[in-house]
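K.L.:
Chains as they are written, first to last, in this note's numbering: chain H, 5 to 430; chain W, 3 to 165.
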Amino acid sequence: MTRDDESVLRAELAAMAAEVDTWTNPLTVSQVKAAAEKSGPSAIDPAIRMGNRRPLLYAAGAMAIAAAVAAIVLIGLSGGTGRSMSGKGQRLAMNPTVYIDSQRTVLCGADHLQLSEVRTTRRGGKVTTTVRLSTDSSAQCDIFDAPQVVRLATSRGTALPTDFLRTPNIVPPGSDVAPGAQWMFLDKKDPLSFEVTWANWCGKPPGSAAIEAWYYGNSSPATTRLDLADAPGGSGLSPACTDRAKPSTVAVTFPVPAASSAPAAAGRSVRPLAQPPCTASQLDVTWAGGEESLGSSAYLHVYVTNLSARSCLLDAPPALSLRSARGPVVAHTRRLPFQTVLPLVLAPGESAVTGAEWTNYCGPAPSRLAAVVTIGGTSDRSRYEAIQEPTCSNTRTRSTLGIVDYAPYVGPFGTSAPPTHRDGRK
Amino acid sequence: MRRRAAAPESFDSFFERMSIALLKHGYFLTADRSTAEDLAQDTLVQVWRHWDAVSRYDSPEAWARRVLRNLAINDSLRHRRVAIGLREVASPVTSGPDERRVMLAAVLRQLPENQCHAVVLHDGFGLPLEEVARQLGAPLGTVKSWVHRGRAAVVRLVDGEKT
Numbered sequence: 005m006t007r008d009d010e011s012v013l014r015a016e017l018a019a020m021a022a023e024v025d026t027w028t029n030p031l032t033v034s035q036v037k038a039a040a041e042k043s044g045p046s047a048i049d050p051a052i053r054m055g056n057r058r059p060l061l062y063a064a065g066a067m068a069i070a071a072a073v074a075a076i077v078l079i080g081l082s083g084g085t086g087r088s089m090s091g092k093g094q095r096l097a098m099n100p101t102v103y104i105d106s107q108r109t110v111l112c113g114a115d116h117l118q119l120s121e122v123r124t125t126r127r128g129g130k131v132t133t134t135v136r137l138s139t140d141s142s143a144q145c146d147i148f149d150a151p152q153v154v155r156l157a158t159s160r161g162t163a164l165p166t167d168f169l170r171t172p173n174i175v176p177p178g179s180d181v182a183p184g185a186q187w188m189f190l191d192k193k194d195p196l197s198f199e200v201t202w203a204n205w206c207g208k209p210p211g212s213a214a215i216e217a218w219y220y221g222n223s224s225p226a227t228t229r230l231d232l233a234d235a236p237g238g239s240g241l242s243p244a245c246t247d248r249a250k251p252s253t254v255a256v257t258f259p260v261p262a263a264s265s266a267p268a269a270a271g272r273s274v275r276p277l278a279q280p281p282c283t284a285s286q287l288d289v290t291w292a293g294g295e296e297s298l299g300s301s302a303y304l305h306v307y308v309t310n311l312s313a314r315s316c317l318l319d320a321p322p323a324l325s326l327r328s329a330r331g332p333v334v335a336h337t338r339r340l341p342f343q344t345v346l347p348l349v350l351a352p353g354e355s356a357v358t359g360a361e362w363t364n365y366c367g368p369a370p371s372r373l374a375a376v377v378t379i380g381g382t383s384d385r386s387r388y389e390a391i392q393e394p395t396c397s398n399t400r401t402r403s404t405l406g407i408v409d410y411a412p413y414v415g416p417f418g419t420s421a422p423p424t425h426r427d428g429r430k
Numbered sequence: 003m004r005r006r007a008a009a010p011e012s013f014d015s016f017f018e019r020m021s022i023a024l025l026k027h028g029y030f031l032t033a034d035r036s037t038a039e040d041l042a043q044d045t046l047v048q049v050w051r052h053w054d055a056v057s058r059y060d061s062p063e064a065w066a067r068r069v070l071r072n073l074a075i076n077d078s079l080r081h082r083r084v085a086i087g088l089r090e091v092a093s094p095v096t097s098g099p100d101e102r103r104v105m106l107a108a109v110l111r112q113l114p115e116n117q118c119h120a121v122v123l124h125d126g127f128g129l130p131l132e133e134v135a136r137q138l139g140a141p142l143g144t145v146k147s148w149v150h151r152g153r154a155a156v157v158r159l160v161d162g163e164k165t
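1) For His336 of chain H, write down the residues that DSSP places opposite it in a beta bridge.
2) How about Arg2 of chain W: is its C-beta nearer than 8 angstroms to some C-beta of chain H?
3) Going by Cα to Cα distance, which pick from H:Pro322, H:Pro332, H:Ala351 and H:Asp247 is closest to Ser315 of chain H?
4) Under a CB-based cut-off of 8 angstroms, is Leu230 of chain H close to chain W?
5) Chain H partners of Asp125 of chain W, CB-CB under 7 angstroms?
6) Taking the DSSP output, what are the residues bridged to Tyr307 of chain H?
7) Between His150 of chain W and chain A, is there a C-beta pair that is closer than 8 angstroms?
8) I believe Gly126 of chain W touches Ala21 of chain H by the beta-carbon criterion, under 8 angstroms. Please report the beta-carbon distance rounded to the nearest angstrom.
9) In chain H, which residues lie less than 7 angstroms from Gln137 of chain W when you measure between Cβ atoms?
10) Examine chain H for any beta-carbon lying closer than 8 angstroms to the beta-carbon of Val104 of chain W, and answer yes or no.
11) Among H:Val154, H:Asp194, H:Arg330 and H:Asp191, which has the Cα closest to the Cα of Thr227 of chain H?
12) Please list, in chain order, the chain W residues whose beta carbon lies closer than 8 angstroms to that of Leu31 of chain H.
13) Restricting to Cα atoms, I'd like to know which of H:Leu373, H:Val333, H:Leu348 and H:Asp384 is closest to Asn364 of chain H.
14) Please decide whether Arg51 of chain W counts as near chain H, where near means a Cβ-Cβ distance under 8 angstroms.
15) Quick one: Cα of Thr246 of chain H to Cα of Ser397 of chain H, how far?
16) Mind listing the chain W neighbours of Ala21 of chain H? Cutoff is C-beta to C-beta under 9 angstroms, in chain order.
17) Do the segment 141-156 of chain W and the segment 37-56 of chain W touch if we need at least three Cβ pairs shorter than 8 angstroms?
18) Do you know whose CA, among W:His124, W:Arg158 and W:Glu133, lies nearest Ala15 of chain H's CA?
19) Per DSSP, what kind of secondary structure is Ser57 of chain W in: helix, strand or coil?
20) What does the Cβ neighbour count give for His336 of chain H, buried or exposed, with the cut at 16 atoms within 10 Å?
21) 8 angstroms is my cut-off, CB to CB: does Asp14 of chain W come that close to chain H?
22) Would you call the CB atoms of Tyr307 of chain H and Ser355 of chain H closer than 8 angstroms?
23) Taking C-alpha atoms, which residue in H:Gly161, H:Asp167, H:Ala323 and H:His116 lies nearest to Val376 of chain H?
24) Are the C-beta of Gly113 of chain H and some C-beta of chain W separated by less than 8 angstroms?
25) Find out if the Cβ-Cβ distance for the pair Gly380 of chain H, Ala284 of chain H is shorter than 8 angstroms.
26) Does DSSP classify Gln392 of chain H as helix, strand or coil?
27) Nearest chain H C-beta to Val134 of chain W closer than 8 angstroms, yes or no?
28) Measure the alpha-carbon distance for Ile215 of chain H versus Arg126 of chain H and round it to whole angstroms.
29) Given a cut-off of 8 angstroms, decide if Phe198 of chain H and Val135 of chain H are closer than it, judged by their beta-carbon atoms.
30) At what residues does the alpha helix (DSSP H) containing Lys130 of chain H begin and finish?
31) Give every residue of the same chain whose Cβ lies closer than 6 angstroms to the Cβ of Thr404 of chain H, excluding the five residues on either side of it in the sequence, and list them in chain order.
32) Can you name the residues of chain W whose CB is closer than 7 angstroms to the CB of Lys192 of chain H?
33) Mind checking whether Leu232 of chain H and Gly211 of chain H have CB atoms under 8 angstroms apart?
34) In the DSSP output, what is Thr124 of chain H paired with across the bridge?
35) Alpha carbon to alpha carbon, how far is Gln118 of chain H from Thr124 of chain H?
36) Using beta carbons (cut-off 8 angstroms, strictly below), is Ala39 of chain H in contact with chain W?
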């Protein structure tokens, strides 16, 4: 986030607060107490309740998750392989219909959920499928969070032996909404999409498969066929076998509006397979660094702008490092768990932004630093800037650079202002 | 939520101290005056109904903020402000709340709870980070992280809503 973003956010909130200050307070103590008397007693703590029927939903959710986990364990045990979801035609017992508020908005049922494969690619030894999630129902309905369980099945309906890696955003049984979890509204015009990543497959390539996704509150999965053919005569796409002792895994990302992963309004499109990957030589790296240093952390924002005449694809998390004139400053990097929007197409002149949180720096104070972005084995760096390094909080632990994935940069609050600090070296 | 040993304050005192703050909080999360007023009143009703317990919490205001956010999310689900309101507001023939504010309120509601409260208290109410940390009962470093991540998420989500 740049200073501009921060000041716009603050100014907007301050203006809203100032506006409230001009209102006559419509609330009185007697009015509140009278309303409480009128509405009767409540045994449920509203701090852990989100709607008139939300307790029912939590109970259903807890049951659904418990059932799913039990099914996984039982299937895994019965298969004797230590792998889960190996049975055929397993049905997970979940509540069929749950209402989420007094207007009886319905969770999207499996009958009306439609999955479709957008594309399947093999990257880094893993097979990743982008799945479009839509509904054919004329009524609006809601889904909650990522699918609760996803598995792969053969064309005959037999589940492939894979472990489902639960998405961290799902609701823990009996608790309030988990960080990042949210309801999402689904109708015909607002499809969502998520990615299914299949890893570590040591068996024969299945050739084709189906993705089965159980959504919160559904007793049966939504499914889509998956084309795993790579080329005529080939054996088909499958993940690399990385460890025979470990199970094959399937993971999903949090769903995002299909429009935002393909932000056509911003002039971008989701990956066409023919799109060449971006190279460092095409990109200009600029940054706004250290402006938001808050003691133990310094927050850096790095922009990459496509200065070439052709579109290119950012399809990997940012490889970002810092260096001073003397050499690299931070050795340890980690990826922060933000929602990813990769792959991202950068049209000519467009920018993407990534952020980094730099913590615990105990070395000599660097007078000026540059951000170095490595793409496709080659690097480009920003200008050297004077930034305020984070404070040293522990001399025995490493200085760390936590990095978020690239996101389209369209300026503060959707304006089209270009990133600042362009070095114009290209 | 820990309970405090000191004598609890009266509900009337809490009301005097918090009613405007809850109105503002509701306005930040909805960008709509009448909804903000409803949310503040509904929250205070809940506070009053649970006052015996809530008044003994370390931070009754934290409990109230949490209730208000829950009510705001519930309300937005009911009225589909995120999905429909934006379209309505964006319509040239519809007069309504400021589009940017509606969008900002929508993305604030989508933030994880801690980030939402941290951003609202720090950037909305202008509280110093140390005071936000005290109110949220979290270490200062954690609150700094929430503020930073919340702001970044706001910008990202606003960008997403724009598309």
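Note that CB positions come from ideal geometry on N, CA and C, so glycine has one too.
P.N.:
In this structure, then:
1) The residue you call residue 336 of chain H lines up with position 332 of the first sequence. Per DSSP, H:Thr404.
2) It is not possible to answer for residue 2 of chain W, since the shown part of chain W is limited to 3 through 165.
3) The residue given as residue 315 of chain H occupies position 311 in the first sequence. Cα-wise, what sits closest to Ser315 of chain H is H:Ala351.
4) As a position in the first sequence, residue 230 of chain H is number 226, starting the count at 1. With 8 angstroms as the cut-off, Leu230 of chain H does not count as an interface residue toward chain W.
5) Your numbering for residue 125 of chain W matches position 123 in the second sequence. Near Asp125 of chain W (Cβ distances below 7 angstroms), the residues of chain H are Leu13, Arg14 and Leu17.
6) For the purposes of this step, residue 307 of chain H is identified with residue 303 of the first sequence, where counting begins at 1. DSSP output for Tyr307 of chain H lists H:Thr290 and H:Val357 as bridge partner(s).
7) Looking for chain A here will not work: the only protein chains present are H and W.
8) Position 124 of the second sequence, counting from 1, holds the residue named residue 126 of chain W. Position 17 of the first sequence, counting from 1, holds the residue named residue 21 of chain H. Right, their Cβ atoms sit about 6 angstroms apart.
9) In the second sequence, residue 137 of chain W corresponds to position 135, counting from 1. Residues of chain H passing the Cβ test: none, with the nearest at roughly 15 angstroms.
10) By one-based count along the second sequence, residue 104 of chain W stands at place 102. Chain H contact via Cβ: absent.
11) Along the first sequence, one-based indexing puts residue 227 of chain H at 223. For Thr227 of chain H, the nearest C-alpha among the options comes from H:Val154.
12) Position 27 of the first sequence, counting from 1, holds the residue named residue 31 of chain H. Under the 8 angstroms cutoff, chain W gives Phe17, Ser21, Leu25, Glu39, Ala42, Gln43 and Leu46.
13) In the first sequence, the residue the question calls residue 364 of chain H occupies position 360. It is H:Val333 whose Cα lies nearest to the Cα of Asn364 of chain H.
14) Position 49 of the second sequence holds residue 51 of chain W. So, interface residue.
15) Numbered from 1 along the first sequence, position 242 holds the residue referred to as residue 246 of chain H. Numbered from 1 along the first sequence, position 393 holds the residue referred to as residue 397 of chain H. For Thr246 of chain H and Ser397 of chain H, the distance between alpha carbons rounds to 37 angstroms.
16) To locate residue 21 of chain H, count along the first sequence from 1; it is residue 17. Those are Lys26, Tyr29, Phe30, Gly126, Phe127 and Gly128, listed as they occur along chain W.
17) no
18) Against the first sequence, residue 15 of chain H aligns to sequence position 11. Ala15 of chain H has its Cα closest to that of W:His124, out of W:His124, W:Arg158 and W:Glu133.
19) In the second sequence, counting from the first residue as 1, residue 57 of chain W sits at position 55. Reduced to three states, the DSSP call for Ser57 of chain W is coil.
20) In the first sequence, residue 336 of chain H corresponds to position 332, counting from 1. Exposed.
21) Reading the second sequence from its first residue, position 12 is the one you call residue 14 of chain W. For Asp14 of chain W, the answer is yes, since a Cβ of chain H falls inside 8 angstroms of its Cβ.
22) Here residue 307 of chain H refers to the residue found at position 303 of the first sequence. Here residue 355 of chain H refers to the residue found at position 351 of the first sequence. In this structure, Ser355 of chain H lies closer than 8 angstroms to Tyr307 of chain H by Cβ.
23) As a first step, residue 376 of chain H must be located in the first sequence, where it is residue number 372. Comparing Cα positions, the closest option is H:Ala323.
24) Position 109 of the first sequence holds residue 113 of chain H. Judged by the 8 angstroms Cβ criterion, Gly113 of chain H is not in contact with chain W.
25) Locating residue 380 of chain H in the first sequence gives position 376, counting from the first residue. Locating residue 284 of chain H in the first sequence gives position 280, counting from the first residue. A contact, by the Cβ cut-off of 8 angstroms.
26) For the purposes of this step, residue 392 of chain H is taken as the residue at position 388 of the first sequence. Residue state, collapsed to three classes: coil.
27) Residue mapping note: residue 134 of chain W aligns to position 132 of the second sequence, counting from 1. No, Val134 of chain W lies away from the interface with chain H (no Cβ there is under 8 angstroms from its Cβ).
28) By one-based count along the first sequence, residue 215 of chain H stands at place 211. By one-based count along the first sequence, residue 126 of chain H stands at place 122. Each residue's alpha carbon lies about 16 angstroms from the other.
29) Here residue 135 of chain H is taken as the residue at index 131 of the first sequence, counted from 1. Here residue 198 of chain H is taken as the residue at index 194 of the first sequence, counted from 1. Taking 8 angstroms as the Cβ cut-off, Val135 of chain H and Phe198 of chain H qualify as a contacting pair.
30) Indexing the first sequence from 1 puts residue 130 of chain H at position 126. Segment Lys130 to Thr139 is the beta strand (DSSP E) holding Lys130 of chain H; no alpha helix (DSSP H) there.
31) Position 400 of the first sequence, counting from 1, holds the residue named residue 404 of chain H. Closer than 6 angstroms at the Cβ level, and outside the excluded window around Thr404 of chain H, lie His336 and Thr363.
32) Taking the first sequence and counting its residues from 1, the one referred to as residue 192 of chain H is at position 188. In chain order: nothing, as chain W lies at least about 12 angstroms away.
33) Indexing the first sequence from 1 puts residue 232 of chain H at position 228. Indexing the first sequence from 1 puts residue 211 of chain H at position 207. Taking 8 angstroms as the Cβ cut-off, Leu232 of chain H and Gly211 of chain H qualify as a contacting pair.
34) Here residue 124 of chain H refers to the residue found at position 120 when the first sequence is read from its first residue. Note: Thr124 of chain H sits in a beta bridge opposite H:Thr133.
35) Residue mapping note: residue 118 of chain H aligns to position 114 of the first sequence, counting from 1. Residue mapping note: residue 124 of chain H aligns to position 120 of the first sequence, counting from 1. Distance between the alpha carbons of Gln118 of chain H and Thr124 of chain H: 17 angstroms.
36) Taking the first sequence and counting its residues from 1, the one referred to as residue 39 of chain H is at position 35. Answer yes: the Cβ-Cβ gap between Ala39 of chain H and chain W drops below 8 angstroms somewhere.
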